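>
Number of protein chains: 2
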Amino acid sequence: MKDGQNIAELMADLGVRARGAARALATAPAASKAAALDTAADRILAQADTILAANARDMEFGREKGLSDAMLDRLELTPDRLAGIAAGLRAVAAQPDPVGQVIAEWDQPSGLHIRRVRTPLGVIGVIYESRPNVTVDAGALCVKSGNAVILRGGSESLHSSAALAECLVHGLTAHGLPADAVQMVPTRDRAAVAELLRMTEFVDVIVPRGGKGLVGLVQREARVPVFAHLEGICHIYIDGDADPGIVSKIVVNAKTRRTGICGAVECLLVDRAYFDRHGADFLGDLVAAGVEVRADGALLGVPGTVQAGPEDFGREFLDSIVAATLVDGVEGAIAHIGRYGSDHTDCILTANDAAAQTFFDRVDSAIVMRNASTQFADGGEFGMGAEIGIATGKLHARGPVGAEQLTSFKYLVDGAGSIRA
Amino acid sequence: MKDGQNIAELMADLGVRARGAARALATAPAASKAAALDTAADRILAQADTILAANARDMEFGREKGLSDAMLDRLELTPDRLAGIAAGLRAVAAQPDPVGQVIAEWDQPSGLHIRRVRTPLGVIGVIYESRPNVTVDAGALCVKSGNAVILRGGSESLHSSAALAECLVHGLTAHGLPADAVQMVPTRDRAAVAELLRMTEFVDVIVPRGGKGLVGLVQREARVPVFAHLEGICHIYIDGDADPGIVSKIVVNAKTRRTGICGAVECLLVDRAYFDRHGADFLGDLVAAGVEVRADGALLGVPGTVQAGPEDFGREFLDSIVAATLVDGVEGAIAHIGRYGSDHTDCILTANDAAAQTFFDRVDSAIVMRNASTQFADGGEFGMGAEIGIATGKLHARGPVGAEQLTSFKYLVDGAGSIRA
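One line per chain: the protein sequences are A and Z, in this order.
The working numbering applies: residue 1 is where the first sequence begins, and numbers increase by one.
The working numbering applies: residue 1 is where the second sequence begins, and numbers increase by one.
(1) Between which two residues does the beta strand (DSSP E) carrying Z:I419 extend?
(2) Considering only C-alpha positions, which residue in the set A:K144, A:R223, A:E195, A:G232 is nearest to A:F376?
(3) To the nearest angstrom, report how far apart Z:R43 and Z:L164 are at their CA atoms.
(4) Taking A:G15 as the reference, which of A:V291, A:G100, A:D180 has the closest Cα?
(5) For Z:Q47, which residues of its own chain have a beta-carbon under 8 Å away from its beta-carbon, when the five flanking residues on both sides are left out?
(6) Compute the minimum distance between the beta carbon of A:R57 and the heavy atoms of the ligand NAD, and state whether it is under 6 Å.
(7) Can you find at least 3 beta carbon pairs, one from the segment 318–333 of chain A and one from the segment 263–283 of chain A, that sit closer than 8 Å?
(8) To test your reading of the DSSP string, which unbroken beta strand (DSSP E) runs of 3 or more residues are found completely within the segment 107–193 of chain A?
(9) Write down the C-beta distance between Z:T392 and Z:A372 rounded to the nearest angstrom, noting that I regard them as a contact closer than 8 Å.
(10) Along the segment 390–417 of chain Z, where does the CB come closer than 7 Å to a CB of chain A? Name the residues.
(11) Within 10 Å of its beta-carbon, does A:T78 have 16 or more other beta-carbons around it, so buried, or fewer, so exposed?
(12) Taking the beta carbon of A:D378 as the centre, do at least 16 other beta carbons fall within 10 Å, making it buried, or is it exposed?
(13) Within the 7 Å Cβ cut-off, does Z:K212 reach chain A?
(14) When you compare the CB of Z:G383 with every CB in chain A, is at least one pair closer than 7 Å?
(15) Output needed for Z:R420: all residues of its chain with C-beta closer than 8 Å, excluding positions within five of it in sequence on either side, in chain order.
(16) Is A:D271 closer than 7 Å to A:G245 when the C-beta atoms are compared?
(17) Per DSSP, A:M369 forms a beta bridge with which residues?
(18) Is any beta-carbon of chain Z found at less than 7 Å from that of A:P132?
(19) Look at A:V126 and A:A138 and say whether their C-beta atoms are less than 7 Å apart.
(20) Cβ closer than 7 Å: which chain A residues qualify as neighbours of Z:N253?
(21) Ends of the beta strand (DSSP E) at A:Q229?
(22) Alpha carbons only, please: which of Z:E64, Z:D58, Z:A83, Z:R370 is nearest the one belonging to Z:E74?
(23) Please check if any C-beta of chain Z sits within less than 7 Å of the C-beta of A:F282.
(24) Mind reading off the beta-carbon distance from Z:V224 to Z:T200? Whole number of angstroms is fine, and I expect it under 8 Å.
(25) Would you tell me roughly how many angstroms separate the C-alpha atoms of A:C484 and A:V368, rounded to the nearest one?
(26) Under 9 Å Cβ-Cβ, which residues of chain A neighbour Z:R362?
(27) Do the CB positions of Z:A148 and Z:A18 come within less than 7 Å of each other?
(28) Quick check for students: name the residue ranges of the alpha helix (DSSP H) that lie wholly in the segment 192–277 of chain A, counting only runs of 4 or more.
(29) Would you mind listing the beta strand (DSSP E) stretches within the segment 276–346 of chain A that are 3+ residues and don't spill past its ends, in chain order?
(30) Taking C-beta pairs closer than 9 Å, name the residues in chain A that Z:I250 reaches, listed in chain order.
(31) Which residues in the same chain have their Cβ closer than 6 Å to the Cβ of Z:T350, if we skip the five residues on either side of it in sequence?
(32) Among residues of its own chain, excluding the 5 on either side of Z:A21, which ones have a beta-carbon nearer than 6 Å to its beta-carbon?
(33) How far does the alpha helix (DSSP H) with A:S32 in it extend, from its first residue to its last?
(34) Identify every residue that forms a DSSP beta bridge with Z:V102.
(35) For the alpha helix (DSSP H) containing A:P96, name the first residue and the last one.
(36) Pull out every residue of the segment 367–378 of chain Z whose Cβ sits closer than 7 Å to any Cβ of chain A, in chain order.
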């Protein structure tokens with residue numbers, strides 16, 4: 001921050017620069033944007049020592065601040081993790097460029113030819129927590145989609161994120177693109193977040209990526225539109241007609257592959273008909289895998305399970321814990337999910353097409369699955385190259401937010417001296 | 001309003017009913033929704049006397065309130081206008097049903113089959129001014145797209161709108177659909193609008209349809225997301241390479257066909273190169289058609305034009321008035337539109353493909369036209385059957401808002417016992 005400049009002035013300055021950069025980036029050639037991302041990936045590898053040194057400063061600050069081991073783990077960068085970040089950049093670079101794509105095209109009886117084409121949104125504000133890799137994922141997806149981005153990382157990752165953002169800026173300028181297309185908020189002052197959330201003149205959409213606290217703050221305070229990203233309270237419903245051969249492997253994978261991601265399953269809904277026919281050995285498999293299974297009713301008969309309380313349903317554990325309860329068929333599952341779900345990802349295990357169709361029709365979550373692990377709820381697994389988060393709202397973006405979801409569209413109309421009767 | 005019920009309770013009651021109706025309508029068969037709209041059209045014709053009597057009460061109230069002739073004209077219903085409203089309903093009924101449409105479908109290397117399918121948004125709040133036909137247009141588009149709607153018409157049109165809404169409800173119940181899918185706010189109290197704008201629990205999106213005052217109020221007060229619909233400050237740029245044979249007929253049509261719609265042109269940008277070659281006789285044609293042409297610079301040499309003031313640029317006249325100024329080529333036009341436009345509809349007249357491409361690339365309005373009248377900015381003319389307005393924002397809906405724009409989507413993912421590595 002320059003001497004005498006207050007937060008509002010600082011942020012307005014970022015905003016003006018972002019608007020200018022967005023205008024230039026909106027019409028930049030696809031090849032330049034892709035090359036900028038590839039060059040940024042090279043730069044990350046070339047500058048690894050500098051980035052790791054910046055990260056060491058953040059880690060020290062984090063330890064002094066008393067961050068938990070889990071938080072420190074999210075914050076830490078290693079040569080392997082940098083290689084992964086660079087590979088992610090190249091994957092985004094290799095994706096098709098969404099800007100200018102013709103989404104639909106038709107002729108009208110009036111003689112008009114109408115095209116609906118993708119356009120950038122403009123300026124995107126991304127607010128995230130400790131993981132510095134989000135700097136690169138979010139920056140890359142915004143550049144790819146022709147948007148300027150203002151990044152506000154967690155205060156713990158300030159130096160790491162700044163070092164990574166410098167690589168993106170290096171890539172941009174190396175290919176004649178505006179440096180201001182990727183800007184970091186250069187202060188730990190929390191007032192900068194409040195300012196960013198209200199800069200409707202300079203910011204077109206806010207993408208919050210982080211826990212419930214961050215997202216709640218954003219939804220309360222923002223005047224800029226938000227791509228809502230709430231909790232991932234993911235359910236798996238084990239239908240009476242589920243194939244017992246797949247139940248255990250799916251629920252164990254959905255819970256234990258990674259417990260800290262939003263696609264991890266948090267609640268198992270067991271059809272009484274399944275339980276009557278096959279029991280619930282899969283709960284024992286979860287216990288054996290080290291999961292605390294909080295069950296109720298007859299499910300408590302499975303050795304190792306513990307009593308669930310009412311607060312365990314509708315809860316995002318993000319930990320090695322899962323809730324389990326009996327329900328009456330697909331209707332019971334739909335009712336439970338309607339009451340406790342978070343519109344993120346919910347899954348039915350069944351060999352019965354009619355039950356699956358009912359579940360697909362009536363569960364109104366961003367992602368509805370059949371016979372698959374909820375851990376597939378991920379932009380990469382959907383073929384998007386990367387994601388900036390999983391949107392749980394219904395407006396504009398829903399589900400994994402990749403470059404395409406960061407675009408708008410406009411109509412291009414060709415006439416031939418056409419007038420309206 | 002029931003005795004003792006306050007506005008907040010009244011609105012919450014509408015909200016709860018709308019949510020319930022939305023759940024039922026979301027999975028209603030396409031044929032039932034279409035049949036409900038056709039039956040509503042029949043009902044409007046059968047109940048014409050009742051509707052016209054209700055409208056007579058509103059007209060009397062409007063005259064007592066001292067509404068302008070233009071406002072009274074918008075408010076008035078006639079047998080002809082009722083026939084037009086019924087025909088509009090049948091046109092929406094005949095459109096393809098958007099709900100359940102597969103927007104995209106692909107396989108992933110993991111074996112997952114992913115479909116992206118259209119879903120209703122949920123509950124839509126529509127706030128509009130005096131024209132009672134909006135009751136039917138908005139109601140029909142919401143029903144078609146599987147959404148429940150809460151309609152808040154202008155207080156002047158209360159009886160007319162209620163009579164028309166009754167026809168929609170009649171159509172719904174005749175085909176087993178929930179009556180509460182179409183509800184009118186049953187009070188003239190303006191506090192009901194404030195309540196509707198803040199009912200995030202019950203309303204998914206607000207569509208304001210009306211003048212600058214209404215839309216500004218909505219954008220300031222709303223906590224529910226809004227499909228922004230700002231002014232239509234439409235420009236036509238007459239390029240140096242425009243075909244002089246089409247200029248006059250297009251600008252006269254764009255201004256005079258109907259002056260009160262948002263697609264009417266409000267400002268003409270004349271390339272100096274065009275003026276030097278061909279003059280500006282088309283301004284004389286506008287004067288001859290009764291238009292007040294507010295020009296500046298050399299354009300004032302055209303007989304009948306009057307001096308434009310700075311306030312005439314960036315202004316939505318919605319009247320038989322147009323501004324005109326000279327610009328330097330397509331760059332000058334783009335700069336003027338960037339400064340004064342409202343992101344609605346802007347048009348270039350040119351035979352030069354390169355100039356047209358520059359204009360298409362760089363003018364970031366919802367609708368960008370070439371060699372056509374801006375009066376084509378209309379859902380019907382785009383093939384959407386009807387529209388609820390023209391959105392000028394960039395999120396979710398942009399341009400004419402028809403049934404398809406009132407939908408969201410979800411991902412349906414089919415696995416085969418698939419787990420993530």
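Cβ coordinates follow ideal geometry from the N, Cα and C atoms, glycine included.
The model shown is predicted, which means the values in this text are computed figures rather than measured ones.
Result, derived from the coordinates:
(1) The residue you call residue 419 of chain Z lines up with position 419 of the second sequence. Premise fails: Z:I419 is in no beta strand (DSSP E) and is neither H nor E.
(2) The sequence position of residue 376 of chain A within the first sequence is 376, counting from 1. The shortest C-alpha separation from A:F376 is found at A:G232.
(3) By 1-based counting over the second sequence, the position of residue 43 of chain Z is 43. By 1-based counting over the second sequence, the position of residue 164 of chain Z is 164. Each residue's alpha carbon lies about 9 Å from the other.
(4) On the first sequence, position 15 is the one that residue 15 of chain A refers to. It is A:D180 whose Cα lies nearest to the Cα of A:G15.
(5) Here the question's residue 47 of chain Z lines up with position 47 in the second sequence. Closer than 8 Å at Cβ, skipping near neighbours: A163, E166, C167.
(6) What this structure holds is no ligand at all, so the ligand NAD is not there to describe.
(7) yes
(8) 113–120, 123–128, 148–152, 182–184
(9) Working through the second sequence from its first residue, we reach residue 392 of chain Z at position 392. Working through the second sequence from its first residue, we reach residue 372 of chain Z at position 372. Their Cβ separation, rounded to whole angstroms, is 19 Å, which puts Z:T392 and Z:A372 out of contact at 8 Å.
(10) K394, L395, H396, R398, G399, S408, F409, K410, Y411, L412, V413, D414, G415, A416, G417
(11) Residue mapping note: residue 78 of chain A aligns to position 78 of the first sequence, counting from 1. Exposed, because fewer than 16 other Cβ atoms sit within 10 Å of the Cβ of A:T78.
(12) Position 378 of the first sequence, counted from the start, is the residue given in the question as residue 378 of chain A. Classification for A:D378: buried.
(13) If you number the second sequence from 1, residue 212 of chain Z lands on position 212. With 7 Å as the cut-off, Z:K212 does not count as an interface residue toward chain A.
(14) The residue labelled residue 383 of chain Z in the question sits at position 383 within the second sequence. Chain A, which has a Cβ nearer than 7 Å to the Cβ of Z:G383, makes this yes.
(15) Counted from its first residue, the second sequence places residue 420 of chain Z at position 420. For Z:R420, where only same-chain residues beyond five positions count, the Cβ hits under 8 Å are S110.
(16) Stepping through the first sequence from its first residue, residue 245 of chain A is reached at position 245. Stepping through the first sequence from its first residue, residue 271 of chain A is reached at position 271. No, Cβ-Cβ distance for A:G245 and A:D271 is not below 7 Å.
(17) In the first sequence, residue 369 of chain A corresponds to position 369, counting from 1. DSSP, once it has assigned bridges, lists A:C347, Z:V413 as partnering A:M369.
(18) For the purposes of this step, residue 132 of chain A is identified with residue 132 of the first sequence, where counting begins at 1. Answer no: the Cβ-Cβ gap between A:P132 and chain Z never drops below 7 Å.
(19) As a working note, residue 126 of chain A is residue 126 in the first sequence. As a working note, residue 138 of chain A is residue 138 in the first sequence. A contact, by the Cβ cut-off of 7 Å.
(20) In the second sequence, residue 253 of chain Z corresponds to position 253, counting from 1. In chain order: I419, R420.
(21) Walking along the first sequence from the start, residue 229 of chain A turns up at place 229. Note that residue 229 of chain A is His in the sequence shown here, rather than Gln. Looking at the DSSP string, A:H229 is not in any beta strand (DSSP E), and its letter there is neither H nor E.
(22) Position 74 of the second sequence, counted from the first residue, corresponds to residue 74 of chain Z. Rather than Glu, the amino acid found at residue 74 of chain Z in this sequence is Arg. It is Z:D58 whose Cα lies nearest to the Cα of Z:R74.
(23) Taking the first residue of the first sequence as position 1, residue 282 of chain A is located at position 282. Chain Z, which has no Cβ nearer than 7 Å to the Cβ of A:F282, makes this no.
(24) Here the question's residue 224 of chain Z lines up with position 224 in the second sequence. Here the question's residue 200 of chain Z lines up with position 200 in the second sequence. Indeed, because the Cβ distance is near 5 Å, the residues count as touching under 8 Å.
(25) One cannot answer for residue 484 of chain A here, as it falls past the ends of chain A, which runs 1 to 421.
(26) If you number the second sequence from 1, residue 362 of chain Z lands on position 362. Result: R23, A26, T27.
(27) Taking the first residue of the second sequence as 1, we reach residue 148 of chain Z at position 148. Taking the first residue of the second sequence as 1, we reach residue 18 of chain Z at position 18. Yes, the pair counts as a contact, with Cβ atoms nearer than the cut-off.
(28) 212–221, 244–256
(29) 292–295, 321–327
(30) The residue given as residue 250 of chain Z occupies position 250 in the second sequence. Simply G415, G417, S418, I419.
(31) Your numbering for residue 350 of chain Z matches position 350 in the second sequence. For Z:T350, where only same-chain residues beyond five positions count, the Cβ hits under 6 Å are D239, D241, A242, A356.
(32) Locating residue 21 of chain Z in the second sequence gives position 21, where the first residue counts as 1. The answer, listed in chain order, is A148, P178, D180, A181.
(33) As a first step, residue 32 of chain A is located in the first sequence; it is residue number 32 there, counting from the start. Per DSSP, A:S32 belongs to the alpha helix (DSSP H) from 30–46.
(34) Position 102 of the second sequence, counted from the first residue, corresponds to residue 102 of chain Z. In the DSSP output, where bridge partners are listed per residue, Z:V102 has Z:V117.
(35) On the first sequence, position 96 is the one that residue 96 of chain A refers to. Segment: none, A:P96 is in no alpha helix (DSSP H) and carries neither H nor E.
(36) I367, V368, M369, R370, N371, A372, S373, Q375, F376
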